[in-house]
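Remarks on the structure that follows.
In mature numbering (1 follows the signal peptide of the UniProt record, and there is no 0), the protein residues as written are -22 to -1, 1 to 121.
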């Protein structure tokens, strides 16, 4: 009986070691979720990533213009954005606003800044001055 217990403990220890090495190799840790993004933050409108942009738009309480103003304030600038996009970040609806090489994630529900980071120009190349999925007020025209 003692011999079997030793083998079981040895097997369990080996299994735990293999799992730890495999998990570390995948860049995870024992408390990470599968598919979790880094950096991790929580927004106010949870959504599924498979919805249409119209469905996202109908859920957003903050307009693109409001998100731009929040991002400008967070960065201390009045510069125009080079990209504005409504997207799903960490499972929550957020505006991605790019201004002067900085990307600001703004919660689409309450307008709070979720994250700021430097971004490469290539990532948003060709989007200069555009507002993608901006969700402006109805009746606006671009004439």
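Here a beta-carbon is modelled for each residue, glycine too, at the ideal position from N, C-alpha and C.
With 16 other Cβ atoms within 10 Å as the buried cut-off, status of residue i
{"i": "residue 88", "result": "exposed"}
{"i": "residue 30", "result": "exposed"}
{"i": "residue 27", "result": "exposed"}
{"i": "residue 42", "result": "buried"}
{"i": "residue 57", "result": "exposed"}
7 Å CB neighbourhood of residue i in its chain, flanking five on each side removed
{"i": "residue 72", "result": "21, 65, 83, 84, 85, 86 and 92"}
{"i": "residue 55", "result": "77 and 78"}
{"i": "residue 46", "result": "59, 62 and 75"}
{"i": "residue 96", "result": "79 and 80"}
{"i": "residue 34", "result": "25, 64 and 71"}
{"i": "residue 51", "result": "none"}
Bounding residues of the beta strand (DSSP E) (the contiguous stretch that carries residue i)
{"i": "residue 46", "result": "Element bounds for residue 46: not the beta strand (DSSP E) but the alpha helix (DSSP H), 42 to 53."}
{"i": "residue 33", "result": "Residue 33 -> not in any beta strand (DSSP E); alpha helix (DSSP H) instead, spanning 31 to 37."}
{"i": "residue 74", "result": "70 to 77"}
{"i": "residue 91", "result": "91 to 96"}
{"i": "residue 80", "result": "80 to 85"}
{"i": "residue 65", "result": "61 to 67"}
Chain-order list of residues whose beta-carbon lies under 6 Å from that of residue i (same chain, five-residue window excluded)
{"i": "residue 39", "result": "87"}
Residue i: CB within 7 Å of a non-hydrogen atom of the ligand FMN
{"i": "residue 44", "result": "Within the structure as shown, the ligand FMN is missing, as the structure has no ligands at all."}
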